[in-house]
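Following: one structure in structure tokens, then a few remarks.
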Amino acid sequence: MLEHSRMQQGRDDGGDSGIQGKDEEVLQYGHSTVDVFSACKANLVRSPVPWMNGMELLEDVLKNKRALPTGFDGIDTLLGGGLREGQLIEIVGPSSSGKTQFCLFVASYIASNNFGSVVYMNTSNCFSPSRVSLIVNQLCSSLDKEDRQRRIREIMSRIHCLSIFDIFSLMDALDELKNTMREQKVNEDAKICILVVDAISSLVTPILGSTNAQGRSLMVFTGYLLKRLAYELDISVLVTNHMVSGEGGMAKPAMGESWKPVPHIRLLISRKPGSKICDISLLRHTSMACGGFAEFVIPD
1 MLEHSRMQQG
11 RDDGGDSGIQ
21 GKDEEVLQYG
31 HSTVDVFSAC
41 KANLVRSPVP
51 WMNGMELLED
61 VLKNKRALPT
71 GFDGIDTLLG
81 GGLREGQLIE
91 IVGPSSSGKT
101 QFCLFVASYI
111 ASNNFGSVVY
121 MNTSNCFSPS
131 RVSLIVNQLC
141 SSLDKEDRQR
151 RIREIMSRIH
161 CLSIFDIFSL
171 MDALDELKNT
181 MREQKVNEDA
191 KICILVVDAI
201 SSLVTPILGS
211 TNAQGRSLMV
221 FTGYLLKRLA
231 YELDISVLVT
241 NHMVSGEGGM
251 AKPAMGESWK
261 PVPHIRLLIS
271 RKPGSKICDI
281 SLLRHTSMAC
291 GGFAEFVIPD
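1 is the number of the first residue of the sequence shown in the UniProt record's numbering; add one for each residue after it.
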């Protein structure tokens with residue numbers, strides 16, 4: 001993929017001006033959107049998805065696509081066991097509704113129960129190592145002090161955080177992750193089993209404009225890359241999305257109608273101000289009836 005700095009400082013996150021001209025993009029990111037599409041297209045041609053019949057697909061699901069428990073019984077029941085490997089799951093909700101806290105807890109729980117390692121792509125400086133350490137400490141509360149400290153270090157070493165500040169850095173990081181996982185041979189408990197992107201909307205919003213089809217195409221293509229990564233590497237991909245004001249002042253998920261059909265699963269999270277109890281609703285699922293509901297409590 002094309003190289004550029006992952007650290008983009010001083011970016012305008014308003015996202016109302018649409019995508020820039022090619023020359024401006026090259027100056028800001030090191031390459032243009034057209035360049036990115038060309039590179040991605042060439043990469044897809046080199047690695048086509050193989051044809052599979054229904055029986056082969058079923059065997060693949062049963063053998064390679066686990067359901068990763070979230071640590072919240074109500075949510076796991078709602079999703080038929082947890083976050084399924086091979087799927088893209090989206091959490092949408094307003095500010096301070098618990099999206100990041102949910103992601104941090106899920107990452108900690110999965111790593112602490114030896115399901116595998118976690119890659120956490122942090123787009124808004126919301127990742128808190130101290131918060132993760134606190135959650136892991138609570139999950140290991142049954143151990144004595146010495147064993148607990150050893151276990152905490154072991155678990156936290158399985159959570160890998162990467163700061164991403166623009167959509168092009170994300171695409172490069174996904175390509176790097178794919179190549180790394182294909183080349184490495186690691187133990188099952190060290191294998192990456194979930195990718196968290198918190199929040200993908202902060203990367204997508206700056207490239208969207210009210211009439212710009214190119215920005216929307218790049219957004220949908222990024223979603224496709226995430227889904228393909230989930231399927232080919234047998235990992236679960238969890239992304240968060242914020243809410244914006246729609247018609248009549250009603251809140252709706254950001255990134256518009258073009259993004260709506262991209263995730264396999266869409267969950268809506270909400271929380272009353274000052275409360276630790278969160279409500280979560282199933283808005284979209286490719287193989288289950290929608291409308292389900294669960295509650296969970298954000299741990300102290």
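Every residue, glycine too, gets a C-beta built ideally from N, C-alpha and C.
Under the DSSP definition of a beta bridge, Y231 lacks any partner. DSSP places N241 in the strand class (E or B) of the three-state scheme. Among the bridge pairs identified by DSSP, E90 is matched with V239 and R266. If you draw a 10 Å sphere on the C-beta of Q87, you find 16 or more other C-beta atoms in it, and that means buried. Judged by DSSP in its simplified three-state form, S130 adopts helix. A straight-line Cα-Cα distance of about 13 angstroms links S112 and S142. Per DSSP, the unbroken alpha helix (DSSP H) holding A107 starts and ends at K99 to S112. Taking the Cβ atoms as the reference, I265 lies roughly 13 angstroms from E85, outside the contact range of under 8 angstroms. Taking the Cα positions, I207 is about 29 angstroms away from I192. Looking at the DSSP output, L282 shares a beta bridge with L267.
For D198, the three-state secondary structure derived from DSSP is strand. The region 101-120 makes contact with the region 149-163; the number of CB pairs closer than 8 angstroms reaches 3 or more. Residue pairing by DSSP leaves A254 without any beta bridge partner. L226 sits away from V119, with the two beta carbons spaced by 8 angstroms or more.
Beyond the five residues adjoining it in sequence on each side, A190 comes within less than 8 angstroms, by CB distance, of G116, S117 and R158 in the same chain, given in chain order.
In this structure G82 touches T70 by the C-beta definition: roughly 5 angstroms separates them, less than 8 angstroms. Beta-bridge partners of F296 (DSSP): C278. Close CB contacts of G274 within its chain, under the 8 angstroms cut and outside five residues either way in sequence, are absent. A direct Cα-to-Cα measurement between L174 and V197 gives close to 11 angstroms. Under the three-state reduction of DSSP output, A67 falls in the strand class. Within its own chain, the residues whose Cβ lies closer than 7 angstroms to the Cβ of C126, once the five positions on either side in sequence are excluded, are T100 and D198, listed in chain order. If you compare the alpha carbons of F72, L79 and D73 with that of M288, the shortest gap goes to L79. For G93, the closest of R271, D300 and E154 by C-alpha to C-alpha distance is R271.
Apart from the 5 residues on each side of it in sequence, E295 sits with its Cβ closer than 8 angstroms to the Cβ of G74, I277, C278, D279 and I280 in its chain, given in chain order. In this structure, W259 places its C-beta atom within 8 angstroms of the C-beta atom of G223. L143 carries a coil assignment under DSSP once its states are collapsed to helix, strand and coil.
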